[in-house]
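Structure first, then comments.
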Amino acid sequence: MRGTVAIRSENLCRHYRMGETLIRAVDGVSLQVPAGEFVALLGSSGSGKSSILNLIAGLDRPTSGSVIVQDRDLAKLSREDLAKYRLYVVGMVFQSFNLIASMTLAENVELPLRFAEVERGKRDSLAAEALERVGLKARMHHRPSELSGGEQQRAALARALINQPKILLADEPTGNLDSRTGTEIMNLVQSFNQDLGMTVVMVTHERALAERYAQRMIFLADGKLVDDRPNTPSAVEPSLQGGRA
Amino acid sequence: MKIPDLTELALRNLRESILRNSLTTVGISVGVASLVAMLSLGIGLQQMASRRLMKSGLFDTVVVTSRRDARGMSREDERSGPTPGESRILDEAARSQIEKLPNVSEAYPDIRFATELRFEDKPHMSMISALPESARSNDAFEGMQGSFFSSDASPEAILQKSFAEELLGKTPRLGAPEPNVAELAKPLLGKELTMVYAQRATSTDDTAASSNPANEVMGASYSVVSREQKLKIVGVADLDPESMRGPTRAKVFLPLHLAESLHVMQPTDLREIARAGDQPVYSSISVRVKNPSRVQEVEDAIKKMGFTTFSILDASRGLRQFFAVLYAFLGIFGSLALMVASIGIVNTLVMAILERRREIGIMKAIGASDGDVKKLFFAEAGAMGILGGIVGVGLGWAIGQVINIGTNVYLKRQSLPPEHFWAVPWWLVGGAIAFAFVVSLASGLYPAGRAARLDPVQALRYE
Ligand SMILES: Nc1ncnc2c1ncn2[C@@H]1O[C@H](COP(=O)(O)OP(=O)(O)O)[C@@H](O)[C@H]1O
Ligand SMILES: [Mg+2]
């Protein structure tokens, strides 16, 4: 597993045209993420973190350059194949959880299996299993509105996990949570990385969080990659090092 | 996504905004109901009309006369075709030939003569006509007192109501209420009438053949014998079976076979007897066609044989045309309501897209394809269509029942027989639901396409 490249981007650009002005949300980013690595994408608001993550997720297409995920050049996939890629290869969680309000947790979690045309019986057992993994089995018939933010994000993690993707993409997963529940979520993400061997790319603007959990940190500013370094203890401030032990 | 999943999700989504979707579905129901109501009224009316017309015998009857008989029923083709001199005689051979034509169910002679009838020793004059067995089902005998002839040759008579009045010595007064047929029939049914008539004796003298038989009448060697025939009154008809014949309409009816066997002297005999020899010669023949739509063919075939024909075909053609126009008209009006309802579907689904932008974005982010999203919206449109269709057919049927019952109550008050002018055939039930489904899917076309093309990044960007 280790040693192979899970995600690679080359001179990746995503530009938006707003009337006369051109917004370079992502501007020539080249990076590589080895399989099984936990990478944090850091940068201030508007630096292009989400834009890069959406390009890796196959939700968006680059203006130029390429994203290659597990040897697939996403720019060359059809809309149909891109949907399949999102279904089977990557799992996503968001800052705002993005559960469907009209569905119970179990239904939310098994929704990707419906798109994958998995049979009902198997769907039920897989959903129960995934919810069990995030400690929400007892709440499976509740609707998202009946749950706390942390619980909703756990359910979202269960959903991201359901098709056993190799890559987890998380866009500020703790952004809407207090630090205690944030830690819970981060521990879960870490366990996915360590126990299931998933490659994790997490967007955050909290440097402390990245330093605590990520193996590598990529810094962005104005759509450009400004720093890319491993999260070695030497790079971490002594005060935070204790928390990691 | 699989169909059961699609259906389940679609129904769930419809339940989520239950009020709006119910109202949209009601809109479809009303559209379907109006379509069903309109069309079933049209179908029912046509069925009723053709039932009536078939029974009346007006539209499937061709009257055949010889071209020699200038006073016959022929009103057309008198100047074209063979001149009277070359025309054929309308005899038994011609009758059986006509009867063997395709699409002809029967051809029977019109026997019709005026003679004296004695009832309780008082003489009465009346036009008499013979009825074939098939007249039993004729509408004109609806509401008749007594019964139709027990057999085609029995010495029985059916009277028209006005003749019954005459026999009983009741003269109809102007403005007086119509006499009740049951009252008139009571003293008459089972009573005996004596018909006095002139019998044409068989002539074997063929020297009388001439190109102008009318002038030979005096010299023709045949005899006329005065005879009497006792008839039992078996029925009194309320309606006038021969109303369309005008002054020559008969008031007394005999069974056809009986009438034939009597060899009553008829006006044509004076002119045709010399040529025809033994064979009976008819002044006119009524031909019943199996299907009113074949009247033209039969008429053409008979004309080719050298006879003059008359039918109310043109009237029936006009009627069919009328119903075709009526159908189109009712159908268009019915569909209009459904079209309006379909705009409701488009509106509801476009609203749903705006409201569910985020949901669509989420589904795409977790792996839904454009096709999945499209199918989901189609399923919602289709489900509203089918539900609306089913409810609408039920509603339309109920409306029809109410109108039918209401009208029949009215008819009963007017002491008219009940009428079934409302018909919802199964093809209309299935067709209306299918039509609602198709219209709904078509309405879903634009919203579903729009939902499928939604950019997930944009959809998820804003809270
Ligand atoms: N659809 C869009 N149209 C125009 N500008 C956009 C659009 N999406 C993102 N941007 C711009 O691109 C830049 C990067 O945005 P984003 O990737 O969301 O930043 P981050 O996630 O780091 O806060 C921002 O300046 C943002 O305004
Ligand atoms: Mg962001």
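Those protein sequences? They're chains C and B, same order as listed.
The first sequence begins at 785 in our numbering and counts up one residue at a time.
The second sequence begins at 464 in our numbering and counts up one residue at a time.
Quick reminder that beta carbons are idealized off the backbone N, C-alpha and C, glycines included.
Which residue's Cα is closest to the Cα of residue i: the options?
{"i": "B:Val-865", "options": "B:His-883, B:Glu-596, B:Gly-769 and B:Pro-743", "result": "B:His-883"}
{"i": "B:Asp-584", "options": "B:Ser-492, B:Ala-556, B:Arg-558 and B:Met-658", "result": "B:Met-658"}
{"i": "B:Ser-903", "options": "B:Met-802, B:Glu-605 and B:Ile-795", "result": "B:Met-802"}
{"i": "B:Leu-717", "options": "B:Gly-912, B:Leu-508 and B:Pro-572", "result": "B:Pro-572"}
{"i": "C:Cys-797", "options": "C:Ala-824, C:Pro-846 and C:Ala-867", "result": "C:Pro-846"}
{"i": "B:Lys-563", "options": "B:Val-920, B:Glu-818, B:Gly-848 and B:Lys-753", "result": "B:Lys-753"}
{"i": "C:Asp-811", "options": "C:Thr-988, C:Glu-794 and C:Asp-955", "result": "C:Glu-794"}
{"i": "B:Ala-616", "options": "B:Ala-700, B:Trp-860, B:Leu-719 and B:Ser-625", "result": "B:Leu-719"}
{"i": "B:Phe-840", "options": "B:Leu-879, B:Leu-631 and B:Tyr-909", "result": "B:Tyr-909"}
State yes or no: is the C-beta of residue i within less than 9 Å of the C-beta of residue j?
{"i": "B:Ile-552", "j": "B:Ala-722", "result": "no"}
{"i": "C:Thr-983", "j": "C:Ala-819", "result": "yes"}
{"i": "B:Lys-693", "j": "B:Glu-655", "result": "yes"}
{"i": "B:Val-441", "j": "B:Val-856", "result": "Only positions 464 to 926 of chain B appear in this structure, which leaves residue 441 of chain B out of reach."}
{"i": "C:Ile-951", "j": "C:Val-985", "result": "yes"}
{"i": "B:Phe-612", "j": "B:Glu-605", "result": "no"}
{"i": "B:Ile-503", "j": "B:Leu-858", "result": "In the sequence under discussion, the amino acid at residue 503 of chain B is Ser, which differs from the Ile named in the question. No."}
{"i": "B:Ile-823", "j": "B:Ala-914", "result": "yes"}
{"i": "B:Leu-498", "j": "B:Phe-786", "result": "no"}
{"i": "C:Gly-832", "j": "C:Ala-809", "result": "yes"}
{"i": "C:Pro-928", "j": "C:Ala-885", "result": "yes"}
{"i": "B:Ala-905", "j": "B:Val-495", "result": "no"}
{"i": "B:Arg-751", "j": "B:Glu-569", "result": "yes"}
{"i": "B:Gly-807", "j": "B:Thr-487", "result": "yes"}
{"i": "C:Arg-996", "j": "C:Ile-969", "result": "no"}
{"i": "C:Leu-915", "j": "C:Met-924", "result": "yes"}
Taking 9 Å as the threshold (beta carbon to beta carbon), is residue i in contact with chain B?
{"i": "C:Glu-901", "result": "yes"}
{"i": "C:Asn-947", "result": "yes"}
{"i": "C:Asn-1032", "result": "Since the displayed chain C opens at 785 and closes at 1029, residue 1032 of chain C lies outside it and no answer follows."}
{"i": "C:Gly-981", "result": "no"}
{"i": "C:Tyr-997", "result": "no"}
{"i": "C:Lys-950", "result": "no"}
{"i": "C:Lys-833", "result": "no"}
{"i": "C:Ser-1023", "result": "Any reading at C:Ser-1023 must be qualified, since the residue scores a pLDDT of 47, below 50, and its modelled position is unreliable; no value is offered."}
{"i": "C:Arg-870", "result": "yes"}
{"i": "C:Arg-917", "result": "no"}
{"i": "C:Gly-875", "result": "yes"}
According to DSSP, which residues form a beta bridge with residue i?
{"i": "B:Gln-608", "result": "B:Val-699"}
{"i": "B:Leu-801", "result": "Answer is none; B:Leu-801 lacks a bridge partner."}
{"i": "B:Pro-919", "result": "For B:Pro-919, which the question treats as bridged, DSSP gives no partner whatsoever."}
{"i": "C:Gly-827", "result": "C:Leu-1004"}
{"i": "C:Arg-938", "result": "DSSP lists no partner for C:Arg-938."}
{"i": "B:Ser-568", "result": "Paired residues: none, contrary to the question."}
{"i": "C:Gln-816", "result": "C:Arg-792"}
{"i": "B:Pro-586", "result": "B:Arg-581"}
With a threshold of 9 Å between beta carbons, is residue i in contact with chain C?
{"i": "B:Ile-816", "result": "no"}
{"i": "B:Ser-832", "result": "yes"}
{"i": "B:Lys-837", "result": "no"}
{"i": "B:Glu-843", "result": "no"}
{"i": "B:Arg-821", "result": "yes"}
{"i": "B:Leu-508", "result": "no"}
{"i": "B:Leu-917", "result": "no"}
{"i": "B:Ala-914", "result": "no"}
{"i": "B:Leu-482", "result": "no"}
{"i": "B:Gly-907", "result": "no"}
Give the residues of chain C in contact with residue i, contact being defined as C-beta atoms less than 8 Å apart.
{"i": "B:Leu-920", "result": "It is worth fixing the name first, because residue 920 of chain B is Val in this sequence and not Leu. Simply Asn-838, Leu-843 and Asp-844."}
{"i": "B:Arg-475", "result": "Ser-886 and Met-887"}
{"i": "B:Met-464", "result": "Arg-898, Phe-899 and Glu-901"}
List the residues of chain B whose Cβ lies closer than 9 Å to the Cβ of residue i, in chain order.
{"i": "C:Phe-878", "result": "Ile-825, Ala-828 and Leu-923"}
{"i": "C:Ala-890", "result": "Within chain B, no residue comes near C:Ala-890; the closest Cβ sits about 13 Å away, beyond 9 Å."}
{"i": "C:Arg-943", "result": "Ile-829"}
{"i": "C:Ala-867", "result": "Lys-827, Gly-830, Ala-831, Ser-832, Asp-833, Gly-834 and Asp-835"}
Name, please, each residue of chain B whose Cβ falls closer than 8 Å to the Cβ of residue i.
{"i": "C:Asn-795", "result": "Simply none; closest approach about 21 Å."}
{"i": "C:Pro-896", "result": "Ile-829 and Gly-830"}
{"i": "C:Glu-864", "result": "Ser-832, Asp-833 and Gly-834"}
Under 7 Å Cβ-Cβ, which residues of chain C neighbour residue i?
{"i": "B:Met-847", "result": "Chain C residues near B:Met-847: none, gap ~17 Å exceeds 7 Å."}
{"i": "B:Pro-479", "result": "What sits at residue 479 of chain B in the sequence shown is Glu, not Pro. Chain C residues near B:Glu-479: Ser-886."}
Does ligand 4 have a heavy atom nearer than 8 Å to the CB of residue i?
{"i": "C:Leu-1004", "result": "This structure lacks ligand 4; the ligands present are ligand 1 and ligand 2."}
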